[in-house]
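**Student:** Here my numbering runs 9 ahead of the position in the sequence shown, where the first position is 1.
Beta carbons: idealized from backbone N, C-alpha and C, even for Gly.
Before I ask anything, here is the structure I am working with.
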Amino acid sequence: MLIHPKRLVIVLVGLLVVLITGQAMAAEVVKCEQPVAMTAPGQAPDFAFAKILLERAGISLKTDPLMRPDELTNFKTLILIIGGSGKGLGAAGIDIEDEIARAQALLDKARSLNMTVVGMHLGGEARRGDNSARFIDLITPQVDFLVVRSDGNMDGIFTRISSENNIPLVLIEKTAELSDVIAQMF
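Rendered as structure tokens:
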């Protein structure tokens with residue numbers, strides 16, 4: 010019995026996705042301490058959903074989409090929502106270069122305070138434009154733990170960066186699954 014080449018490719022791609030996803034899902038969730046600071050360099054709208062889930066979980070949390078590095082001094086964990094929204098940046102009156110600089114300053118300050126840094130990309134493929142790429146490239150290699158909605162990793166960018174930098178990566182199918190990850194983190 011011969012298998013049609015197109016079907017073979019589909020099966021092989023499917024197996025590859027299962028292997029990559031299974032491997033990423035097997036990553037151990039990093040234990041984090043409270044209190045938590047959360048911000049969204051790039052002004053990704055997924056910030057609001059993450060905030061709701063963290064609050065529902067009873068996490069001691071300060072959120073500010075425009076948080077400054079000097080505000081991190083009393084926190085143990087920094088959560089960065091990874092992504093860039095042209096609409097969000099415009100509404101906040103922020104230049105992307107200034108926001109990139111703020112993201113790096115937050116990462117530097119968190120490191121100086123020995124904070125655990127968690128990166129979350131929750132918007133999926135729809136949130137993977139040019140603005141997001143800049144924040145993904147900057148932030149992702151510098152975090153301690155990654156939570157990514159799997160359709161935001163269709164090109165394997167988060168898998169590649171996490172593998173190259175030994176960063177635990179957990180892929181979730183739906184943003185609502187973040188609740189389970191939060192429960193394991195804290």
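#1: Tell me where the alpha helix (DSSP H) around LYS118 begins and ends.
#2: In angstroms, rounded to a whole number, what distance separates the CA positions of ASP73 and SER141?
#3: Name the residue from ALA112, GLY93, ARG111 and GLU134 whose alpha carbon lies nearest to the alpha carbon of ARG158.
#4: As an exercise, report each continuous beta strand (DSSP E) stretch of at least 3 residues that is fully enclosed by the region 47-97, in chain order.
#5: State the DSSP-derived secondary structure class of ARG169, mapped to helix, strand or coil.
#6: Would the region 60-70 count as touching the region 182-192 if we require 3 or more Cβ pairs under 8 Å?
#7: Looking only at its chain, what residues have a beta carbon closer than 7 Å to the beta carbon of LEU178, apart from the 5 residues adjacent to it on each side?
#8: Mapping the DSSP letters down to three states, classify ILE181 as helix, strand or coil.
#9: Which one or two residues does DSSP pair with LEU131 in a beta bridge?
#10: Which whole-angstrom value describes the C-beta separation of VAL126 and LEU75, a residue pair presumed to lie in contact below a C-beta threshold of 8 Å?
#11: Smallest Cα separation from CYS41: which of ILE91, ASN123 and PHE56?
#12: To the nearest whole angstrom, what separates the beta carbons of PHE144 and PRO50, a pair I think is in contact under 8 Å?
#13: Look at the alpha carbon of LEU81 and the alpha carbon of ARG120, and state the distance between them as a whole number of angstroms.
#14: Taking the straight line between their C-alpha atoms, what separation do you get for GLU106 and ASP153?
**Tutor:** If we stick to the structure as given:
#1: Stepping through the sequence shown from its first residue, residue 118 is reached at position 109. It spans 105-121 - the alpha helix (DSSP H) in which LYS118 sits, taken as one unbroken run.
#2: For this step, residue 73 is matched to residue 64 along the sequence shown. For this step, residue 141 is matched to residue 132 along the sequence shown. If I take the Cα positions, the gap works out to 19 Å.
#3: Looking up residue 158 in the sequence shown gives position 149. When ALA112, GLY93, ARG111 and GLU134 are compared, the shortest CA-CA separation from ARG158 is found for GLU134.
#4: Complete beta strand (DSSP E) runs here, min 3: 70-72 and 86-90.
#5: The residue you call residue 169 lines up with position 160 of the sequence shown. ARG169 falls in the helix class under three-state DSSP.
#6: Yes, they touch.
#7: Translated into positions along the sequence shown, residue 178 becomes position 169. For LEU178, same chain residues with a beta-carbon under 7 Å away, outside a window of 5 residues either side, are ALA33, ALA36, LEU155, VAL157, PHE167, THR168 and SER171 in chain order.
#8: Mapped onto the sequence shown, residue 181 falls at position 172. The answer is strand: DSSP assigns ILE181 an E or B state.
#9: As a working mapping, residue 131 is identified with position 122 in the sequence shown. Paired residue(s): none; LEU131 is not in a bridge.
#10: On the sequence shown, position 117 is the one that residue 126 refers to. On the sequence shown, position 66 is the one that residue 75 refers to. Not quite, the Cβ-Cβ distance comes to about 18 Å (not below 8 Å), so this is no contact.
#11: Locating residue 41 in the sequence shown gives position 32, counting from the first residue. It is ASN123 whose Cα lies nearest to the Cα of CYS41.
#12: As a working mapping, residue 144 is identified with position 135 in the sequence shown. As a working mapping, residue 50 is identified with position 41 in the sequence shown. Cβ atoms of PHE144 and PRO50 come within 8 Å of each other, at about 6 Å.
#13: Counting from 1 along the sequence shown, the entry for residue 81 is found at position 72. Counting from 1 along the sequence shown, the entry for residue 120 is found at position 111. One C-alpha to the other measures close to 11 Å.
#14: The count along the sequence shown starts at 1 and reaches residue 106 at position 97. The count along the sequence shown starts at 1 and reaches residue 153 at position 144. When only Cα atoms are considered, GLU106 and ASP153 end up about 24 Å apart.
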